[in-house]
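Note that my numbering has the sequence shown beginning at 11, numbered continuously upward.
Just so it is clear, CB atoms sit at the ideal spot from N, CA and C, and this is done for glycine as well.
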Amino acid sequence: MTEPEIVLEMKHIDMRFQGVHALDDVSLTLRRGEVHAVVGENGAGKSTLMKVLVGLYSPNGGEIVFDGKPARFRSVSDTQAAGICMIFQEFNQVKHMTVMENIFLGREPKTRTGSIDYRKMLRDSEALLTGMGLDVSPRIFVRDLTVAKQQLVEIVKAVSYNARIIIMDEPTSALSDTEIAKLLDTVSALRAEGKSIVFISHKMEEIFGVCDRVTVLRDGKFVASDLVSNMDEGGLIRMMVDRDISAMFPKQEAKIGEVVFEVKGLSRKGEFEGISFALKRGEILGLAGLMGAGRTEIVEAIMGTRRLDAGEIFLYGKRIVNKMPGDAIGKGIIMVPEDRKRNGVALKLSVRDNILMSALRKCVRNGFIRRKLEKKYSTEYIDKLEIKTASDSQVCANLSGGNQQKVVIARVLNADPDVIILDEPTRGIDVKTKADIHNLMSQLAVQGKAILMISSELAEVQGMSDRIIVLHEGRITGTLDRGEADSNRIMQYAVGKTEGEVV
Ligand SMILES: Nc1ncnc2c1ncn2[C@@H]1O[C@H](COP(=O)(O)OP(=O)(O)OP(=O)(O)O)[C@@H](O)[C@H]1O
Ligand SMILES: [Mg+2]
């Protein structure tokens with residue numbers, strides 16, 4: 011069989027940032043009508059390579075050949091005009107604009123008199139959105155959409171450019187299973203039309219499910235590129251991490267003790283109702299459910315970022331009220347938020363300051379901040395979570411997506427709380443670090459921490475939880491013990507079946 015024609019080549023790309031050699035002689039060959047996975051650990055250089063392609067970064071060396079001719083794109087709009095569209099890992103939507111304004115940003119349809127033709131914009135947006143099976147009003151503000159919907163709108167936008175090459179940087183990391191299925195269908199449809207897609211992902215089932223070819227990067231270097239059909243999962247992981255990794259979900263047996271934390275009858279109009287559960291020492295309690303089941307809303311209400319209409323929260327049997335996250339943190343309840351861009355990492359601060367933020371007291375002796383202690387704690391977590399950074403004084407904005415997430419996790423752990431709430435703890439995290447984080451969670455439970463974990467990944471919920479609460483549309487539909495939690499039962503509860511109906 012002859013190979014499809016080459017549409018794009020990146021050759022010997024070299025990219026240096028201060029203190030970091032992000033890309034060292036990296037090449038990529040993209041063919042017509044293929045889905046091309048670019049994989050590697052957090053910080054391997056995947057996003058950087060694509061940012062070089064779309065003209066956001068100008069490389070220190072190497073060349074790009076597009077359609078057989080040397081090309082050097084100077085800006086994202088330059089690249090879009092040439093038919094290459096990138097959906098960024100950190101979306102660049104204008105949050106205070108509507109969905110349709112975002113889709114048509116910079117190329118708004120005009121009326122004959124030259125003003126913006128909002129009617130056409132609305133009609134065209136509606137057609138695009140329904141074409142992708144997306145139930146979103148074009149008139150809603152982007153900031154009012156969930157992360158998942160924002161992501162899908164970005165994809166609709168790329169499709170609307172009729173691009174020949176579409177780059178998706180971890181497109182599914184914030185989506186639910188049904189949304190992922192929809193997205194992957196779209197990817198297949200685009201491929202069938204002869205488009206080429208670069209697909210950055212940490213998820214094996216996506217790489218082996220939809221991708222034709224895969225290029226592996228490690229530490230900024232090219233490792234291999236081959237047809238997915240010539241690869242197996244173990245081999246691919248070894249290429250990425252250069253060693254065998256420990257088993258996934260290495261849950262250790264922890265001694266489960268007394269109730270540490272309890273909520274009774276939590277309700278908030280339109281979001282959740284009658285939520286009651288108790289969390290014990292040494293226990294990992296999983297909150298399962300589909301996207302939109304109200305899980306994040308519940309934990310945000312616990313933390314004090316959302317007001318409760320009704321219900322009570324208890325810590326060691328004493329009623330507490332959290333008006334804001336600071337209250338909760340002061341009492342030893344800390345959360346790793348789902349949307350770490352919005353609520354998590356302080357991009358302008360250093361890695362060190364981010365990690366120490368919630369526990370500066372640990373570094374104070376006799377009223378003075380001890381630099382040595384600061385260094386000790388920040389270095390400890392940089393090592394433990396293998397945060398890839400030039401130094402602990404690097405600003406977080408310069409870290410790769412996955413490494414920024416690790417910083418937020420490090421901060422929470424460093425604060426040494428009694429109750430840890432993790433909202434999608436391993437989203438966007440590479441396979442190896444994921445296993446490390448699972449190990450760490452397990453250890454924390456053994457140390458007697460009480461852990462509440464939200465995860466949309468069934469395998470993670472099943473693998474890590476001692477007990478699982480399943481939610482559907484803001485209500486608890488089922489509670490399962492570790493032993494009885496097969497995926498079929500979890501799913502039945504998640505779609506709204508109750509105790510008696512589940513088989
Ligand atoms: N603007 C920048 N300034 C300094 N260093 C940077 C900058 N952008 C990226 N880097 C560094 O380059 C390396 C590669 O980062 P990149 O974002 O490409 O990784 P990635 O493979 O996309 O990882 P992830 O899976 O976490 O998204 C990292 O060490 C990162 O800290
Ligand atoms: Mg990235």
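Taking 7 Å as the cut-off, is the CB of residue i close to at least one heavy atom of ligand 2?
{"i": "LYS394", "result": "no"}
{"i": "SER410", "result": "yes"}
{"i": "SER57", "result": "yes"}
{"i": "ASP229", "result": "no"}
{"i": "GLN99", "result": "yes"}
{"i": "ASP402", "result": "no"}
{"i": "ASP179", "result": "yes"}
Is residue i near ligand 1, going by C-beta to nearest heavy atom under 7 Å?
{"i": "THR399", "result": "yes"}
{"i": "LYS444", "result": "no"}
{"i": "PHE232", "result": "no"}
{"i": "VAL30", "result": "yes"}
{"i": "ALA460", "result": "no"}
{"i": "ASN52", "result": "yes"}
{"i": "PHE287", "result": "no"}
{"i": "PHE209", "result": "no"}
{"i": "ASN70", "result": "no"}
{"i": "ASN364", "result": "no"}
{"i": "ASN413", "result": "yes"}
{"i": "PHE114", "result": "no"}
{"i": "PHE83", "result": "no"}
{"i": "PHE27", "result": "yes"}
Could you tell me which residues DSSP pairs with residue i in its beta bridges?
{"i": "VAL480", "result": "ALA298, GLY488"}
{"i": "SER186", "result": "Bridge partners of SER186: none, in fact."}
{"i": "ILE16", "result": "ARG41"}
{"i": "ARG26", "result": "HIS31"}
{"i": "LYS290", "result": "VAL269"}
{"i": "ARG381", "result": "DSSP output for ARG381 lists no bridge partner at all."}
{"i": "LEU432", "result": "VAL346, MET463"}
{"i": "ILE126", "result": "LYS120"}
{"i": "ASP179", "result": "ILE210"}
{"i": "ASP236", "result": "VAL224"}
{"i": "THR108", "result": "PHE151"}
{"i": "MET56", "result": "This sequence places Lys at residue 56; Met is not what is there. DSSP, once it has assigned bridges, lists no residue as partnering LYS56."}
{"i": "ARG437", "result": "None, per the DSSP bridge assignment."}
{"i": "VAL49", "result": "VAL226"}
{"i": "ARG375", "result": "PHE378"}
{"i": "VAL505", "result": "Per DSSP, none; premise fails for VAL505."}
{"i": "SER360", "result": "VAL405"}
Are residue i and residue j closer than 8 Å when you measure CB to CB?
{"i": "ASP179", "j": "PHE76", "result": "no"}
{"i": "LEU40", "j": "LEU66", "result": "no"}
{"i": "MET313", "j": "ALA288", "result": "no"}
{"i": "LYS21", "j": "GLY93", "result": "no"}
{"i": "PRO347", "j": "ASP433", "result": "yes"}
{"i": "GLY284", "j": "GLU322", "result": "no"}
{"i": "VAL309", "j": "ILE486", "result": "no"}
{"i": "LEU138", "j": "ILE113", "result": "yes"}
{"i": "SER277", "j": "ALA320", "result": "yes"}
{"i": "VAL226", "j": "GLY50", "result": "yes"}
{"i": "ILE500", "j": "ARG305", "result": "no"}
{"i": "ALA325", "j": "PHE282", "result": "In the sequence on display, residue 325 carries Leu and not Ala. Result no, Cβ atoms of LEU325 and PHE282 do not sit closer than 8 Å."}
{"i": "GLY53", "j": "VAL36", "result": "no"}
{"i": "VAL62", "j": "MET25", "result": "yes"}
{"i": "ARG421", "j": "ASN364", "result": "yes"}
{"i": "THR528", "j": "SER206", "result": "As shown, the chain starts at 11 and ends at 513. That puts residue 528 outside it, with no answer to give."}
{"i": "ARG149", "j": "MET110", "result": "yes"}
{"i": "ILE419", "j": "VAL361", "result": "no"}
{"i": "LYS372", "j": "LEU359", "result": "no"}
{"i": "ILE343", "j": "MET474", "result": "no"}
With a threshold of 7 Å, establish whether the CB of residue i neighbours any heavy atom of ligand 3.
{"i": "ASP440", "result": "Only ligand 1 and ligand 2 can be found as ligands here, which leaves ligand 3 out of the picture."}
For residue i and chain B, any beta-carbon pair shorter than 8 Å?
{"i": "GLY280", "result": "Here chain B cannot be found, since the structure has a single protein chain."}
- Give, in chain order, every unbroken run of the alpha helix (DSSP H) that is at least 4 residues long and sits entirely within the region 61 to 97. Entirely contained in the region 61 to 97, the alpha helix (DSSP H) runs reaching 4 residues are, in chain order, 86 to 92.
- Message: Restricting to runs no shorter than 4 residues, where is the alpha helix (DSSP H) found entirely within the region 305 to 342?
- Response: Listed in chain order, the complete alpha helix (DSSP H) runs (minimum 4 residues) inside the region 305 to 342 are 305 to 313, 335 to 340.
- Task: Taking 8 Å as the threshold, find out whether the region 353 to 365 comes into contact with the region 414 to 421 through three or more Cβ pairs.
- Result: Yes, the region 353 to 365 touches the region 414 to 421.
- May I ask you to verify whether the region 480 to 491 touches the region 440 to 458, counting CB pairs closer than 8 Å and requiring at least 3? At 8 Å Cβ cutoff, the stretches do not touch.
- Any chance you could list the beta strand (DSSP E) runs of at least 3 consecutive residues sitting entirely within the region 239 to 286, in chain order? With a minimum length of 3 residues, the continuous beta strand (DSSP E) runs that stay inside the region 239 to 286 are 269 to 278.
- Task: Count the C-beta pairs between the region 80 to 93 and the region 26 to 41 that are closer than 8 Å, then say yes if the count reaches three, no if not.
- Result: No contact exists between the region 80 to 93 and the region 26 to 41.
- Item | Within the region 206 to 231, ranges of the beta strand (DSSP E) (whole runs, at least 3 residues) | Entirely contained in the region 206 to 231, the beta strand (DSSP E) runs reaching 3 residues are, in chain order, 206 to 210, 223 to 228.
- Message: Runs of 3 residues minimum, wholly inside the region 137 to 172: which ones carry the beta strand (DSSP E) assignment?
- Response: Here no run is fully enclosed.
- Query: Does the region 263 to 271 come close enough to the region 241 to 252 that 3 or more CB-CB pairs lie under 8 Å?
  - Reply: The region 241 to 252 vs the region 263 to 271: no contact.
- Meets three-Cβ-pair contact criterion under 8 Å: the region 325 to 339 and the region 502 to 512: Per the Cβ contact rule, the region 325 to 339 is not in contact with the region 502 to 512 (fewer than 3 Cβ pairs under 8 Å).
- Query: Hey, which unbroken runs of the alpha helix (DSSP H) at 4 residues or more fall wholly within the region 392 to 425?
  - Reply: For the region 392 to 425, whole alpha helix (DSSP H) runs of length 4 or above, ordered along the chain, are 411 to 424.
- the region 185 to 194 / the region 158 to 170 touching (three or more Cβ pairs under 8 Å): These segments touch.
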